[in-house]
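Chemist: Count the sequence shown with my numbering and you get residues 2 to 416, in order.
Where a beta carbon is used, it is the ideal one built from N, C-alpha and C, also for glycine.
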Amino acid sequence: MTGVLREYRSFGRPVRLMVLNQFTINLGFYMLMPYLAMHLSGELALAGWLVGLILGVRNFAQQGMFLIGGTLADRFGCKPLIVAGCALRTAGFALLGVVDSVPALIIASAATGFAGALFNPAVRAYVAQDAGPRRVEAFALFNVFYQAGILLGPVVGLGLTALDFRLTCLVAAGVFAVLTVLQLRSLPGQDAPARSEVRVTRVWRSILANRPFLLFSLAMVGSYVLSFQVYLALPLEARRVLGPGPAGTAVVTALFAVSAGLAVAGQLRVTAVFKRRFGPDGSLVAGLALMSTAFLPPALTSGAGAAPTVAALLASAILLALGTAVVFPFEMDTIVRLSGDHLVATHYGLYNTFVGVGILLGNLFTGTALDLARSAGLPALPWLALTVIGIGCAAYVHRLTRSEVERSTAPVPSP
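Structure representation (structure tokens):
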């Protein structure tokens, strides 16, 4: 913790505010969202398809609108988009706590998702601009606070939801309301972007013509498919072996805690070690390779009993968390490099859109593969397929960094 505080103090006020901002965003988000499905299906007694629709609308409104949010940040500045996103999420969370009709719930869910699309690219672009040559270290610190919010949010939400889910919604809305005011009053404004006469569609086309950025984005989609398995394949396997009772729930909780806790405790040290030994591009490849090994333990124990399976799942969560901690700061820095330091928020927005589509398709593939492989008597096959995806991503990123990433210049007009 001393190292985290020392690193935190080494940055200027804008970066310090941004990492605290992200911690608070995740605290408010994760104190509510893990329990929303239970509220919709339990207290409101909605059908399963309606619950899926409401949650799907939130995800689409965020993942599908990242490019819009990034474009607006590059047009009007990061601070206005950060403030607007926090204000919109305040309204969305408050609405979730006071309405019970399906149309109103859909509107509230869409508002919370679009809010994320507004502030996520803007926050990352703000950190990248203010940190300058220390972008890697800034994003490592950013991930510490990001994961700390994920770790603490569900704990706070569990206590509030035990009293009343509506109380959880209103407290989460209050968190974002306070955050909105703090950003408005305390966040320094960056240099205002020059008003561009270039049409948005032309800007988008020029970014789509940035071949190294597109290739890198597509290659990195696989890493998000792998990292998301801590929310999908690992919990499904835990519940398959231990059942949906307290034992299964305890293991799933442990998987989440290990994943976030390792990032909080070890992110800065991991980043420093890998940067020193492998450099930025080598660290990306090493992190992806490490993530690919995370699925070997469950593959080796797929037919074993409960104890070996649980041990394998915990080992998998640790390896995934370590690999993600290695990748994230260098990944964020590489996007800035590939953008040519122009339209950074728009690049982050398009990148996150690719990631969202990739996670959706990857989850469909993984869920289907787990069911089919088990019924066919080949339970290790999906885990090995995930390993192959990771190896393929690592190999492709290695090829890109050797051939095009270092030589790239981004053919995008300055706004």
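(1) Within the continuous alpha helix (DSSP H) that includes aspartate 101, where are the two ends?
(2) What span of residues does the alpha helix (DSSP H) with phenylalanine 441 cover, start to end?
(3) Nearest CA to the CA of alanine 178: which residue from Thr354, Ala92 and Phe67?
(4) So, is glycine 29 buried or exposed, given that buried needs 16 or more other C-beta atoms within 10 angstroms?
(5) Just to confirm, is the Cβ distance from valine 286 to valine 145 under 7 Å?
(6) Once you ignore the five residues that flank leucine 263 on each side, which residues in its own chain have a CB closer than 6 Å to its CB?
(7) Mind reading off the beta-carbon distance from leucine 235 to alanine 318? Whole number of angstroms is fine, and I expect it under 8 Å.
(8) If we ignore side chains and look at the alpha-carbon of each, how far apart do alanine 46 and serine 102 end up?
(9) Tell me where the alpha helix (DSSP H) around tyrosine 397 begins and ends.
(10) Check tyrosine 232 in the structure and name its three-state DSSP category.
(11) In angstroms, rounded to a whole number, what distance separates the CA positions of isoleucine 151 and isoleucine 26?
(12) Quick one: what does DSSP say proline 189 is sitting in, helix, strand or coil?
(13) Using only the alpha-carbon positions, how far apart do serine 340 and tyrosine 31 sit?
(14) In or out: glycine 154 buried (at least 16 other Cβ within 10 Å) or exposed?
(15) Just to confirm before moving on: does the CB-CB distance between alanine 239 and leucine 314 stay below 7 Å?
(16) Using CA coordinates, which residue listed in Phe61, Phe120 and Gly357 is at the minimum distance from phenylalanine 110?
(17) Is it right to say valine 156 is buried, meaning 16 or more other beta carbons lie within 10 angstroms of its own, or is it exposed?
(18) Can you list, in chain order, the residues of its chain whose CB lies under 7 Å from that of alanine 126, leaving out five sequence neighbours each side?
(19) Check for me: the alpha helix (DSSP H) holding aspartate 372 runs from which residue to which?
(20) In terms of residue numbering, what span does the alpha helix (DSSP H) encompassing phenylalanine 296 cover?
(21) Is there contact between the stretch 216-226 and the stretch 350-366, where contact requires at least three CB pairs shorter than 8 Å?
(22) Measuring only the C-alpha atoms, how far is valine 274 from glutamine 130?
(23) Out of Val176, Leu237, Thr367 and Leu289, which one is the CA nearest neighbour of valine 253?
(24) Note down, in chain order, each residue of its chain lying with its Cβ closer than 7 Å to the Cβ of histidine 399, except the 5 sequence neighbours on either side.
(25) Check glutamate 332 in the structure and name its three-state DSSP category.
(26) Thinking C-beta only, is valine 231 closer than 7 Å to leucine 256?
(27) Along the chain, where does the alpha helix (DSSP H) containing serine 42 start, and where does it finish?
(28) Contact defined as beta carbons within less than 8 Å: I believe leucine 18 pairs with leucine 351. What is the distance between those atoms, to the nearest angstrom?
(29) Quick one: what's got a C-beta closer than 6 Å to arginine 59's C-beta in the same chain, skipping five residues either side?
(30) Suppose you measure from the CA of serine 224 to the CA of leucine 387; what does that come to, to the nearest Å?
(31) For the stretch 293-312 against the stretch 378-387, are there 3 or more C-beta pairs whose distance is under 8 Å?
Modeler: The short version:
(1) Numbered from 1 along the sequence shown, position 100 holds the residue referred to as residue 101. Run containing aspartate 101: none; DSSP gives neither H nor E here.
(2) For the chain, the structure presents residues 2 to 416; residue 441 sits outside this window and is missing.
(3) Taking the first residue of the sequence shown as position 1, residue 178 is located at position 177. That would be Ala92, whose Cα lies nearest to the Cα of alanine 178.
(4) Here the question's residue 29 lines up with position 28 in the sequence shown. By the 10 Å Cβ count, glycine 29 comes out buried.
(5) Counting from one through the sequence shown, the residue named residue 286 turns up at place 285. Counting from one through the sequence shown, the residue named residue 145 turns up at place 144. Not a contact, by the Cβ cut-off of 7 Å.
(6) Indexing the sequence shown from 1 puts residue 263 at position 262. These residues qualify, in order along the chain: Ala322.
(7) Position 234 of the sequence shown holds residue 235. Position 317 of the sequence shown holds residue 318. The C-beta distance from leucine 235 to alanine 318 rounds to 6 Å, short enough to fall under 8 Å.
(8) Taking the first residue of the sequence shown as position 1, residue 46 is located at position 45. Taking the first residue of the sequence shown as position 1, residue 102 is located at position 101. Straight-line Cα distance between these residues: approximately 11 Å.
(9) What you label residue 397 is simply residue 396 of the sequence shown in a count that begins at 1. Tyrosine 397 -> alpha helix (DSSP H) spans 382-401.
(10) If you number the sequence shown from 1, residue 232 lands on position 231. In this structure, DSSP gives tyrosine 232 a state outside helix and strand, which the three-state scheme calls coil.
(11) Counted from its first residue, the sequence shown places residue 151 at position 150. Counted from its first residue, the sequence shown places residue 26 at position 25. So the two alpha carbons sit approximately 9 Å from each other.
(12) By one-based count along the sequence shown, residue 189 stands at place 188. If DSSP states are grouped into helix, strand and coil, proline 189 belongs with coil.
(13) If you number the sequence shown from 1, residue 340 lands on position 339. If you number the sequence shown from 1, residue 31 lands on position 30. Between serine 340 and tyrosine 31, the C-alpha separation is close to 31 Å.
(14) The residue you call residue 154 lines up with position 153 of the sequence shown. Glycine 154 is buried by the Cβ-count criterion.
(15) The residue labelled residue 239 in the question sits at position 238 within the sequence shown. The residue labelled residue 314 in the question sits at position 313 within the sequence shown. In this structure, leucine 314 lies closer than 7 Å to alanine 239 by Cβ.
(16) To locate residue 110, count along the sequence shown from 1; it is residue 109. Before going further, note that residue 110 is serine rather than phenylalanine in the sequence given. Of Phe61, Phe120 and Gly357, the residue nearest in Cα terms is Phe61.
(17) The residue labelled residue 156 in the question sits at position 155 within the sequence shown. Exposed: under 16 other Cβ atoms inside 10 Å.
(18) Mapped onto the sequence shown, residue 126 falls at position 125. Correct list, in chain order: Ala74, Cys79, Val345, Ala346 and Tyr349.
(19) As a first step, residue 372 must be located in the sequence shown, where it is residue number 371. Taken as a continuous stretch (DSSP letters only), the alpha helix (DSSP H) holding aspartate 372 covers 345-376.
(20) Indexing the sequence shown from 1 puts residue 296 at position 295. Looking at the DSSP string, phenylalanine 296 is not in any alpha helix (DSSP H), and its letter there is neither H nor E.
(21) yes
(22) Here the question's residue 274 lines up with position 273 in the sequence shown. Here the question's residue 130 lines up with position 129 in the sequence shown. Rounded to the nearest angstrom, the two C-alpha atoms are 24 Å apart.
(23) Walking along the sequence shown from the start, residue 253 turns up at place 252. The residue with the shortest Cα to Cα distance from valine 253 is Leu237.
(24) Counting from 1 along the sequence shown, the entry for residue 399 is found at position 398. Contacts found: Val286.
(25) Reading the sequence shown from its first residue, position 331 is the one you call residue 332. Correct three-state label for glutamate 332: helix.
(26) The count along the sequence shown starts at 1 and reaches residue 256 at position 255. The count along the sequence shown starts at 1 and reaches residue 231 at position 230. Yes. Within cutoff.
(27) Position 41 of the sequence shown, counted from the start, is the residue given in the question as residue 42. Where serine 42 is concerned, the enclosing alpha helix (DSSP H) stretches over 37-42.
(28) Within the sequence shown, residue 18 is the residue found at index 17, counting from 1. Within the sequence shown, residue 351 is the residue found at index 350, counting from 1. That pair is no contact at about 26 Å.
(29) The residue given as residue 59 occupies position 58 in the sequence shown. Here the set comprises Ser110, Thr113 and Gly114.
(30) Looking up residue 224 in the sequence shown gives position 223. Looking up residue 387 in the sequence shown gives position 386. Their backbone Cα atoms lie some 10 Å apart in a straight line.
(31) yes
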